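Okay, so the sequence shown: first residue is 1 according to our numbering, each after it adds one. C-beta: ideal position from N, C-alpha, C; glycine also. Here the structure is a predicted model, which means the values were calculated and not measured.
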Amino acid sequence: TFDVIVMNPPFLKRSDVKHVMHAIAMLAKRGRLQAILSAGVLFREDTLTKALRERVKQLGGQISPLPDDTFRESGTKVKTARLEIDLRR
Numbered sequence: 001t002f003d004v005i006v007m008n009p010p011f012l013k014r015s016d017v018k019h020v021m022h023a024i025a026m027l028a029k030r031g032r033l034q035a036i037l038s039a040g041v042l043f044r045e046d047t048l049t050k051a052l053r054e055r056v057k058q059l060g061g062q063i064s065p066l067p068d069d070t071f072r073e074s075g076t077k078v079k080t081a082r083l084e085i086d087l088r089r
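In structure tokens, the structure reads:
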């Protein structure tokens, strides 16, 4: 298990959701997780994405949208969200 996980997984074909679900399973009992995800995680209704939102809620975490221009300097206009889980609380 890991005490701290920070990640920016690929977004293609819900890979971000799959990577974060795996990271949650690897998180220590009092661990912390921060991830950058596609903004689609906020509204997609597929089974996997809904399961992620429910798991984050169960763990007392949150998923918040980031400003549209967050990664503008990197040359992308993709909309993103930040996921945070802190099991120390």
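Here's the rule I'm using: 16 or more other beta-carbon atoms within 10 Å means buried, otherwise exposed. How should residue i be labelled?
i, result
"T1", "exposed"
"T49", "buried"
Name the residue from the options whose alpha carbon lies nearest to the alpha carbon of residue i.
i, options, result
"L12", "R89, A39, M26 and L27", "A39"
"R32", "D68, D69 and G61", "G61"
"V41", "I24, D3 and R14", "R14"
"R89", "N8, K29 and H19", "K29"
Spatial neighbours of residue i within its chain, please: CB distance less than 7 Å, with the 5 preceding and 5 following residues excluded, ordered by chain position.
i, result
"F71", "V78 and T80"
Curious, which full-length beta strand (DSSP E) runs of at least 3 residues does the region 27-89 contain? The region 27-89 contains these whole beta strand (DSSP E) runs: 27-38, 62-65 and 80-86.
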